[in-house]
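**Q**
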Amino acid sequence: MVRIDIGTDLPCSAEQAAAEVCRPRLLHYVAWPLVVFRPREPAAWPERWVPGTYRAGLYLGGVLPVGGQAIVISYPQQAAFALLDDGHGRLIRRWSHLITIEPDGTGGCRYRDRVEIAAGWLTWPVALFAHVFYRYRQYRWRWLVRQGFDYGRFA
Numbered sequence: 111m112v113r114i115d116i117g118t119d120l121p122c123s124a125e126q127a128a129a130e131v132c133r134p135r136l137l138h139y140v141a142w143p144l145v146v147f148r149p150r151e152p153a154a155w156p157e158r159w160v161p162g163t164y165r166a167g168l169y170l171g172g173v174l175p176v177g178g179q180a181i182v183i184s185y186p187q188q189a190a191f192a193l194l195d196d197g198h199g200r201l202i203r204r205w206s207h208l209i210t211i212e213p214d215g216t217g218g219c220r221y222r223d224r225v226e227i228a229a230g231w232l233t234w235p236v237a238l239f240a241h242v243f244y245r246y247r248q249y250r251w252r253w254l255v256r257q258g259f260d261y262g263r264f265a
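Going letter by letter, the sequence shown gives residues 111 to 265 in my numbering.
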């Protein structure tokens, strides 16, 4: 198993960041175009993530299918906001992604992605991709905040 821990400072309140994390459209925005998640079960994403299991097809670059993934959402009780996707799929047996958001004392917040990956012999290549993917996601997060949470075509 490989563990990844990547954080960034966001110039928005922790409350605003937490509200956005609870919306599937944020996942689409921050992952695009590296990875596109297409809902399989249920057939459409909810407006907000509620605890439960969502099945998705994953597409690199939006076109290359790389299998399915269960997105298993929960909200662990912690001192700060936390959302856990305890995901798994056929190729990636464990993709446990914990998002935490804490106020930074200046009106902004500290956003952190912590991921545990287990994919057999694919673990290291998947982990290498995950390092790039989560840095890209955080870049897209910072861009979205600077744009005043204007999702544009992702709305």
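For each residue, glycine too, the CB sits at the ideal point set by N, CA and C. These figures come from a predicted structure and were not determined experimentally.
Write down the C-beta distance between Y185 and P161 rounded to the nearest angstrom, noting that I regard them as a contact closer than 8 Å.
**A** For the purposes of this step, residue 185 is taken as residue 75 along the sequence shown, with counting starting at 1. For the purposes of this step, residue 161 is taken as residue 51 along the sequence shown, with counting starting at 1. So it is a contact: roughly 7 Å between Cβ atoms.
**Q** Grouping DSSP H, G and I as helix and E and B as strand, with all else coil, what is D215?
**A** Position 105 of the sequence shown, counted from the start, is the residue given in the question as residue 215. The amino acid at residue 215 is misidentified as Asp; the sequence shows Gly. Coil.
**Q** What is the residue span of the beta strand (DSSP E) that V145 lies within?
**A** Indexing the sequence shown from 1 puts residue 145 at position 35. Its beta strand (DSSP E) spans residues 145-151.
**Q** With L174 as the anchor, note down where its beta strand (DSSP E) starts and where it stops.
**A** For the purposes of this step, residue 174 is identified with residue 64 of the sequence shown, where counting begins at 1. Segment 174-184, the beta strand (DSSP E) holding L174.
**Q** One question on the structure: do W159 and I183 come within less than 7 Å of each other, judged by their Cβ atoms?
**A** Working through the sequence shown from its first residue, we reach residue 159 at position 49. Working through the sequence shown from its first residue, we reach residue 183 at position 73. Yes.
**Q** With DSSP as the reference, please indicate the residues paired to Y164 in a beta bridge.
**A** Within the sequence shown, the letter at position 54 stands for residue 164. According to DSSP, Y164 bridges with I181.
**Q** Going by the CB atoms, is the gap between V145 and T233 shorter than 7 Å?
**A** Counting from one through the sequence shown, the residue named residue 233 turns up at place 123. Counting from one through the sequence shown, the residue named residue 145 turns up at place 35. Against a cut-off of 7 Å, the Cβ pair of V145 and T233 comes out as no contact.
**Q** Spatial neighbours of G218 within its chain, please: CB distance less than 7 Å, with the 5 preceding and 5 following residues excluded, ordered by chain position.
**A** Indexing the sequence shown from 1 puts residue 218 at position 108. The answer, listed in chain order, is D119, L120, P121, C122.
**Q** Between which two residues does the alpha helix (DSSP H) holding L254 run?
**A** In the sequence shown, residue 254 corresponds to position 144, counting from 1. Counting along the chain, the alpha helix (DSSP H) containing L254 begins and ends at 233-256.
**Q** Exposed or buried, P143, counting other C-beta atoms within 10 Å across all chains shown (16 or more means buried)?
**A** Against the sequence shown, residue 143 aligns to sequence position 33. By the neighbour-count rule (16 or more Cβ atoms within 10 Å), P143 is not buried but exposed.
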